[in-house]
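Participant:
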């Protein structure tokens with residue numbers, strides 16, 4: 001269980017979005033409008049410019065060399081710019097955090113999970129019903145007697161078509177379609193599991209070069225860790241929601257986070273260019289390039305997982321599968337009830353009733369398996385270990401942020 005940070009008063013709202021938080025989740029307000037944000041940014045920049053100019057003038061008047069005063073002012077300006085970037089990221093991702101919170105504990109996902117877990121019990125009950133009521137159903141079908149078909153005319157032809165064409169054809173169609181569906185869904189789940197594991201590893205790996213890049217800038221390191229935590233939180237929120245629209249919004253928020261990480265790393269690259277130390281520029285430049293490649297790889301995995309997750313079969317595909325699954329026991333019922341020279345006493349035979357129950361339950365069990373695979377985060381075949389890795393990563397990033405904040409207060 002993720003415990004709330006003691007610095008909740010200063011922590012951003014996304015720190016309470018992880019599942020299992022003991023405190024009730026609070027809705028995040030919608031971000032400010034674009035124009036209002038622009039005006040605030042302009043006013044902030046003007047105030048910062050005036051403060052920087054005043055600091056330079058005061059330092060020069062106090063006898064400090066102008067070059068050192070300007071260098072310190074540039075450093076202050078860069079830190080303020082990074083702060084504006086963080087503020088913009090938080091504002092742009094507030095609606096997505098609200099969506100992730102709203103999707104936490106989704107009733108739709110919970111209902112689907114319950115139905116998938118109860119499906120074997122429901123199918124066993126249906127098999128028992130078909131076993132118990134087959135004699136009555138067969139008597140009813142036999143009573144219809146298909147009077148339009150006389151024994152000397154159409155009835156023999158209908159029996160032959162039913163036994164040699166209809167029933168085998170329906171079985172082949174159902175087996176082929178269900179087999180291809182099973183293969184595609186299984187492959188999709190494996191790709192999602194692979195992508196999630198790689199993303200979790202990349203998040204942990206990316207934190208290492210970021211710690212080296214911002215070794216002297218603890219505030220920038222805290223902001224970078226905060227972005228990594230946001231990414232992990234959104235992945236956990238994605239697994240809690242079954243809405244395609246919400247998934248797309250979360251993917252967009254993750255793209256915003258990776259873009260902000262690249263901007264934050266790019267500021268270090270720009271600072272290295274302005275410095276006159278070629279050795280440091282070469283060494284740290286490699287770290288910058290490595291960190292940027294990890295972020296790009298993370299973004300590629302996110303895009304690949306998005307295309308895999310959003311893939312789904314059309315409703316007509318599932319309707320055809322369901323129709324074929326029901327047509328098999330229906331064909332068996334009609335065949336057993338209308339065969340020539342069949343005594344009604346046969347309907348009560350244990351073996352016949354068992355075969356009818358089996359042919360009723362087998363296609364439904366296969367449909368249940370396909371439906372389970374179609375929901376990657378619900379049912380028996382679900383991805384539960386991979387989201388837990390992101391939850392653990394978010395917990396570690398939060399703990400490290402708290403340590404940085406406590407160290408900053410202590411200094």
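Numbering (full-length UniProt numbering), first residue to last: 1 to 411.
Yeah, the Cβ is synthetic: ideal placement off N, Cα and C, and Gly gets one too.
For residue 205, does the three-state DSSP call read helix, strand or coil?
Facilitator: helix
Participant: Within 10 Å of its beta-carbon, does residue 179 have 16 or more other beta-carbons around it, so buried, or fewer, so exposed?
Facilitator: A residue is called buried when at least 16 other Cβ atoms come within 10 angstroms of its Cβ; residue 179 does not meet this threshold and is exposed.
Participant: Hey, out of 374, 363, 159, whose CA is closest to residue 184's CA?
Facilitator: Per the Cα distances, 374.
Participant: If you measure between the beta carbons of residue 258 and residue 220, is that distance less than 7 Å?
Facilitator: In this structure, residue 220 does not lie closer than 7 Å to residue 258 by Cβ.
Participant: Look at residue 295 and residue 269 and say whether their C-beta atoms are less than 7 Å apart.
Facilitator: Not closer than 7 Å, so no.
Participant: Looking at the secondary structure, which residues open and close the alpha helix (DSSP H) in which residue 371 lies?
Facilitator: 350-374
Participant: Need the endpoints of the alpha helix (DSSP H) that residue 384 sits in, please.
Facilitator: Residue 384 -> no alpha helix (DSSP H), and no H or E assigned at all.
Participant: Mapping DSSP to helix, strand and coil, what is residue 248?
Facilitator: helix
Participant: Specify the secondary structure class of residue 48 as computed by DSSP and reduced to three states.
Facilitator: At residue 48, the pLDDT of 46 sits below 50, so the modelled position is not reliable and the matter cannot be decided from this model.
Participant: Within its chain, find whatever has a CB closer than 6 Å to the CB of residue 403; leave out the 5 residues flanking it on each side and keep chain order.
Facilitator: Exclusion of the five residues before and after residue 403 leaves no residue of its chain whose Cβ lies closer than 6 Å to its Cβ.
Participant: Pull up the distance between the alpha-carbon of residue 282 and that of residue 397, whole angstroms please.
Facilitator: 29 Å
Participant: With burial defined as no fewer than 16 other Cβ atoms inside 10 Å of the residue's Cβ, what is the status of residue 379: buried or exposed?
Facilitator: buried
Participant: When you compare only the Cα positions, how much space is there between residue 198 and residue 301?
Facilitator: 8 Å
Participant: Return the residue from the list 229, 325, 252 that minimises the CA-CA distance to residue 168.
Facilitator: 325
Participant: From 176, 123, 392, pick the residue whose C-alpha is nearest to that of residue 236; which is it?
Facilitator: 392
Participant: Please classify residue 347 as buried or exposed, where buried requires at least 16 other C-beta atoms within 10 Å of its C-beta.
Facilitator: Residue 347 should be labelled buried.
Participant: Which whole-angstrom value describes the C-beta separation of residue 265 and residue 292, a residue pair presumed to lie in contact below a C-beta threshold of 8 Å?
Facilitator: At roughly 6 Å, the Cβ-Cβ gap stays under 8 Å, so residue 265 and residue 292 are in contact.
Participant: Let me confirm a value: residue 208 is counted as buried when at least 16 other C-beta atoms fall within 10 Å, else exposed. Which label applies?
Facilitator: exposed
Participant: With 16 other CB atoms within 10 Å as the buried threshold, where does residue 228 fall?
Facilitator: buried
Participant: Report all residues from its chain with a CB closer than 6 Å to the CB of residue 105; omit the five preceding and five following residues, and keep chain order.
Facilitator: Caution is warranted here: a pLDDT of 43 is assigned to residue 105, below 50, making its placement in the model unreliable, and the coordinate value is therefore given only provisionally. Same-chain partners within the cutoff: there are none.
Participant: Does the count of Cβ pairs from the region 318-333 and the region 350-369 closer than 8 Å reach three?
Facilitator: yes
Participant: For residue 314, which of helix, strand or coil comes out of DSSP?
Facilitator: coil
Participant: Span of the alpha helix (DSSP H) holding residue 229?
Facilitator: 218-239
Participant: Hey, how far is the Cα of residue 192 from the Cα of residue 226?
Facilitator: 25 Å
Participant: Can you give the Cα-Cα distance for residue 318 and residue 176, rounded to whole angstroms?
Facilitator: Approximately 14 Å, taken between the alpha carbons.
Participant: Which value, in whole angstroms, describes the spacing of the CA atoms of residue 205 and residue 354?
Facilitator: Roughly 57 Å separates the two Cα atoms.
Participant: Could you give the uninterrupted runs of the beta strand (DSSP E) lying entirely in the region 267-347, keeping only those of 3 residues or more?
Facilitator: The region 267-347 contains no whole beta strand (DSSP E) run of 3 or more residues.
Participant: By a C-beta neighbour count over all protein chains shown, 10 Å radius and 16 as the cutoff for buried, is residue 181 buried or exposed?
Facilitator: buried
Participant: Among the residues of its own chain, which have a CB less than 6 Å from the CB of residue 162, if the five just before and after it don't count?
Facilitator: 335, listed in sequence order.
Participant: What residues in its chain sit with their C-beta under 7 Å from that of residue 166, if we drop five residues either side in the sequence?
Facilitator: 331
Participant: When the Cα of residue 130 is compared with those of 401, 364, 307, 394, which residue comes out closest?
Facilitator: The residue with the shortest Cα to Cα distance from residue 130 is 364.
Participant: Just verifying my parser: in three-state terms, what is the DSSP assignment at residue 131?
Facilitator: The answer is helix: DSSP assigns residue 131 an H, G or I state.
Participant: Just the Cα atoms here: how many angstroms apart are residue 386 and residue 118?
Facilitator: 24 Å
Participant: Out of curiosity, what's the CA-to-CA distance linking residue 234 and residue 170?
Facilitator: 44 Å
Participant: Taking its Cβ as the centre, do 16 or more other Cβ atoms sit within 10 Å of residue 305, making it buried, or is it exposed?
Facilitator: buried
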